[in-house]
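Student: Listed in order, the protein sequences are those of chains A and B.
Here numbering that gives the first Met the number 0 is used: the first residue of the first sequence is 0, the next is one more, and so on.
Here numbering that gives the first Met the number 0 is used: the first residue of the second sequence is 0, the next is one more, and so on.
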Amino acid sequence: MVTVRLFGVFREAVGQKEVNIFSKNVRELVEKLNSKHEKIVPFLIKNTDPLELEDNIILVNGRSIWFLDGLETALTDKDIVSIFSPIGGG
Amino acid sequence: MTLTNRELTRYDRQIRMQEFGKKGQENLKKAHVVVAGAGGLGSSAGIYLATSGIGHISIIDHEAVELSNLNRQILHWERDIGKSKVESAVEKLRQINSDIEVTDIEKEIKEENVLELLKGADAIVDCMDNFHTRFILNDAALKLNIPFFHGACYGFEGRATTIIPKKTPCLRCIIPKSPPEKKVPIMSTTPGTIGTIQATEVIKFFAGIKPLLTSKLLIYDSWYLTYDLIKIERNRKCPSCGG
Ligand SMILES: [Zn+2]
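#1: Would you grab the beta carbon distance between B:Ala159 and B:Leu212 for me? Rounded to a whole angstrom, and I think it's under 8 Å.
#2: Can you check whether the CB of B:Leu27 is closer than 8 Å to the CB of B:Ile163?
#3: The beta strand (DSSP E) that contains B:Asp11, what's its start and end?
#4: Should B:Cys240 be counted as a contact of ligand 1 given a C-beta to heavy atom distance under 7 Å?
#5: Can you give the Cα-Cα distance for A:Glu17 and A:Arg10, rounded to whole angstroms?
#6: Shortest alpha-carbon distance to B:Thr192 belongs to which of B:Ala30, B:Gly54, B:Thr225?
#7: Identify every residue that forms a DSSP beta bridge with B:His61.
#8: What do you reckon, is the C-beta of B:Asn234 under 7 Å from a heavy atom of ligand 1?
#9: Please classify B:Glu156 as buried or exposed, where buried requires at least 16 other C-beta atoms within 10 Å of its C-beta.
#10: Determine, for A:Arg62, whether the minimum Cβ-Cβ distance to residues of chain B falls below 8 Å.
#11: Starting from the N-terminal side, write out each stretch of the beta strand (DSSP E) that is 3 residues or longer and does not extend beyond the segment 108-146 of chain B.
#12: What I want to know is whether the C-beta of B:Arg171 ends up closer than 7 Å to one or more non-hydrogen atoms of ligand 1.
#13: In three-state terms, what does DSSP make of B:Tyr223?
#14: How many angstroms separate the CA atom of B:Glu232 from the CA atom of A:Ile64?
#15: Can you list, in chain order, the residues of its chain with a C-beta nearer than 7 Å to that of B:Val64? Leave out the 5 residues immediately preceding and following it.
#16: Measure the Cβ-Cβ separation of A:Gly61 and B:Lys230 and say whether it is below 8 Å.
#17: Leaving aside the five residues before and after A:Leu70 along the sequence, list all residues of the same chain whose C-beta is less than 8 Å from its C-beta, in chain order.
#18: Note down, in chain order, every chain A residue with its Cβ under 8 Å from the Cβ of B:Val183.
#19: Whole angstroms is fine: what's the gap from B:Cys237's alpha carbon to B:Glu105's?
#20: I need the straight-line Cα distance from B:Asp125 to B:Gly20, nearest angstrom please.
#21: Alpha carbons only, please: which of B:Asn68, B:Asn112, B:Ser42 is nearest the one belonging to B:Glu90?
#22: Using a Cβ-Cβ cut-off of 8 Å, state whether B:Pro210 counts as contacting chain A.
#23: Considering only residues of the same chain and omitting the five flanking positions on each side of B:Thr50, which have a CB-CB separation below 7 Å?
#24: Within the 8 Å Cβ cut-off, does A:Gly7 reach chain B?
#25: Does the beta carbon of A:Phe66 sit closer than 8 Å to a beta carbon anywhere in chain B?
#26: In this structure, how does DSSP classify A:Glu27 when only helix, strand and coil are distinguished?
#27: Determine whether the Cβ of A:Ser34 lies closer than 8 Å to any Cβ atom of chain B.
#28: Does DSSP put B:Lys215 in a helix, a strand or coil?
#29: From the DSSP output, in three-state form, read off B:Lys230 for me.
#30: Hey, B:Gly36 and B:Asp128: beta-carbon distance below 8 Å or not?
#31: In chain order, which alpha helix (DSSP H) runs of at least 4 residues are fully inside the segment 24-52 of chain B?
#32: Could you spell out where the beta strand (DSSP E) holding A:Phe83 opens and where it closes?
#33: Is A:Asp54 close to chain B? Criterion is C-beta to C-beta, closer than 8 Å.
#34: Which residues share a DSSP beta bridge with B:Arg158?
#35: Terminal residues of the continuous beta strand (DSSP E) containing A:Ile44?
#36: Taking 8 Å as the cut-off, decide whether the C-beta atoms of B:Leu136 and B:Ile123 are in contact.
Have a look at this one:
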């Protein structure tokens, strides 16, 4: 199981701080999150077909997926995925 | 740099902490810290850096105080509306602590002037309200090899991380793209908490106290009353620090 840590709007949309999901890559994880938690879709997804993400920060074990393989970033058991949006106010 | 009797009395309560002591206080006195932005984060960070005895604080901002700033920008008061933010901030900080040096830099931070504005700085506190300038400061900190204390707010949520060039991830390792800039909602107290955390990090850094918020992103959520730490890693492909 991959541990998904949710922050801000994602935490609110899912109603939980953390969820555990079986998935082999980020694409599958996003699809499972979307189908299970409808409220997360507008925050997470820009386009469904082809799947395109909003500009959020998705880290796999502390590394941004944009510097890994994006949606195809592989996931294995015990990986920790953190999802949050960039915030910039001051 | 020795401490005067007045300083020994003034900072007595923090000097009493063994891990900090006179040595820690002397190190703060030697430090020149740039507070980039005199808004909500800059107000709380600036106040605590001043009360703690950072020897030289420079404040950079180019905007004027507006009524809508007053919910969170506690260095600015009703009488300051229309005044430049640096002028207003520097005036208060000098009254808070006349034993330190406070410099006002009324300039907009840009790629072409950032190194000039940061001349002589030992650290930068990120109190900006936009990513464009944050990235300019991030890159400048890497170039100058000085620590960069990041903070940001949205609503009831705040973030902070301490960036040490070549050792920790930089801002762009975590946030590769600038999100669109817009006026964001901010609860009055959020920058108060985050600015205070940034100031604490600055103090600990100069006093040599660990652990710091290095390679960790703090996510503070005052709605749910949680503080979470996310481990963050350097990215070899990062356009700024090239991991
Ligand atoms: Zn980097």
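A virtual CB, placed ideally from N, CA and C, is assigned to each residue, including glycine.
All figures in this text were calculated on a predicted structure; none of them were measured in a lab.
Tutor: The relevant details are as follows:
#1: For the purposes of this step, residue 159 of chain B is identified with residue 160 of the second sequence, where counting begins at 1. For the purposes of this step, residue 212 of chain B is identified with residue 213 of the second sequence, where counting begins at 1. Yes, B:Ala159 and B:Leu212 are in contact; Cβ-Cβ is about 6 Å, under 8 Å.
#2: As a first step, residue 163 of chain B must be located in the second sequence, where it is residue number 164. As a first step, residue 27 of chain B must be located in the second sequence, where it is residue number 28. The answer is no: Cβ separation not under 8 Å.
#3: Taking the first residue of the second sequence as 1, we reach residue 11 of chain B at position 12. Here B:Asp11 belongs to no beta strand (DSSP E); instead the alpha helix (DSSP H) covers 11-14.
#4: If you number the second sequence from 1, residue 240 of chain B lands on position 241. For ligand 1, at least one heavy atom lies less than 7 Å from the Cβ of B:Cys240.
#5: Here the question's residue 17 of chain A lines up with position 18 in the first sequence. Here the question's residue 10 of chain A lines up with position 11 in the first sequence. Roughly 8 Å separates the two Cα atoms.
#6: For this step, residue 192 of chain B is matched to residue 193 along the second sequence. That would be B:Thr225, whose Cα lies nearest to the Cα of B:Thr192.
#7: By one-based count along the second sequence, residue 61 of chain B stands at place 62. Bridge partners of B:His61: none, in fact.
#8: What you label residue 234 of chain B is simply residue 235 of the second sequence in a count that begins at 1. Checking the Cβ of B:Asn234 against ligand 1 gives yes.
#9: The sequence position of residue 156 of chain B within the second sequence is 157, counting from 1. B:Glu156 comes out buried.
#10: Counting from one through the first sequence, the residue named residue 62 of chain A turns up at place 63. It does: the Cβ of A:Arg62 has a partner Cβ on chain B nearer than 8 Å.
#11: 122-125
#12: Within the second sequence, numbered from 1, the residue matching residue 171 of chain B stands at position 172. Yes - ligand 1 has a heavy atom lying nearer than 7 Å to the Cβ of B:Arg171.
#13: Sequence index remark: in the second sequence, residue 223 of chain B carries index 224 (1-based). Coil.
#14: As a first step, residue 232 of chain B must be located in the second sequence, where it is residue number 233. As a first step, residue 64 of chain A must be located in the first sequence, where it is residue number 65. Those two C-alpha atoms are separated by around 12 Å.
#15: Stepping through the second sequence from its first residue, residue 64 of chain B is reached at position 65. These residues qualify, in order along the chain: His75, Asp79, Ile80, Gly81, Lys82, Lys84, Ser87.
#16: In the first sequence, residue 61 of chain A corresponds to position 62, counting from 1. In the second sequence, residue 230 of chain B corresponds to position 231, counting from 1. Result yes, Cβ atoms of A:Gly61 and B:Lys230 sit closer than 8 Å.
#17: What you label residue 70 of chain A is simply residue 71 of the first sequence in a count that begins at 1. Closer than 8 Å at the Cβ level, and outside the excluded window around A:Leu70, lie Asn24, Val25, Arg26, Val29, Leu50, Leu52, Ile64.
#18: To locate residue 183 of chain B, count along the second sequence from 1; it is residue 184. Here the neighbours are Ile86, Gly87, Gly88.
#19: The count along the second sequence starts at 1 and reaches residue 237 of chain B at position 238. The count along the second sequence starts at 1 and reaches residue 105 of chain B at position 106. Straight-line Cα distance between these residues: approximately 31 Å.
#20: On the second sequence, position 126 is the one that residue 125 of chain B refers to. On the second sequence, position 21 is the one that residue 20 of chain B refers to. A direct Cα-Cα distance of roughly 27 Å separates B:Asp125 from B:Gly20.
#21: As a first step, residue 90 of chain B must be located in the second sequence, where it is residue number 91. Closest in C-alpha terms to B:Glu90, from the list B:Asn68, B:Asn112, B:Ser42, comes B:Ser42.
#22: Mapped onto the second sequence, residue 210 of chain B falls at position 211. No, because no Cβ of chain A sits closer than 8 Å to the Cβ of B:Pro210.
#23: Here residue 50 of chain B corresponds to residue number 51 of the second sequence, with the count starting at 1. Excluding residues within five positions, the ones whose Cβ falls inside 7 Å are Ile95, Asn96.
#24: Within the first sequence, the letter at position 8 stands for residue 7 of chain A. Yes, because at least one Cβ of chain B sits closer than 8 Å to the Cβ of A:Gly7.
#25: In the first sequence, counting from the first residue as 1, residue 66 of chain A sits at position 67. Yes - at least one Cβ of chain B is within 8 Å of the one on A:Phe66.
#26: By 1-based counting over the first sequence, the position of residue 27 of chain A is 28. In the structure shown, A:Glu27 sits in a helix (DSSP, three-state: H, G or I).
#27: Residue 34 of chain A sits at position 35 when you count from the first residue of the first sequence. No, because no Cβ of chain B sits closer than 8 Å to the Cβ of A:Ser34.
#28: On the second sequence, position 216 is the one that residue 215 of chain B refers to. DSSP places B:Lys215 in strand when its eight states are reduced to three.
#29: Looking up residue 230 of chain B in the second sequence gives position 231. Residue state, collapsed to three classes: strand.
#30: Residue numbering aside, residue 36 of chain B sits at position 37 when the second sequence is read from its first letter. Residue numbering aside, residue 128 of chain B sits at position 129 when the second sequence is read from its first letter. With respect to the 8 Å criterion, B:Gly36 and B:Asp128 are classified as neighbours on the basis of their beta carbons.
#31: Runs found: 39-51.
#32: Against the first sequence, residue 83 of chain A aligns to sequence position 84. Start and end: 79-83.
#33: Counting from 1 along the first sequence, the entry for residue 54 of chain A is found at position 55. Taking Cβ atoms only, chain B reaches closer than 8 Å to A:Asp54, which makes this a yes.
#34: To locate residue 158 of chain B, count along the second sequence from 1; it is residue 159. Paired residues: B:Ala151, B:Ile218.
#35: Start at 1 with the first residue of the first sequence, and residue 44 of chain A comes out as number 45. Element bounds for A:Ile44: 44-46.
#36: Position 137 of the second sequence, counted from the start, is the residue given in the question as residue 136 of chain B. Position 124 of the second sequence, counted from the start, is the residue given in the question as residue 123 of chain B. Yes, Cβ-Cβ distance for B:Leu136 and B:Ile123 is below 8 Å.
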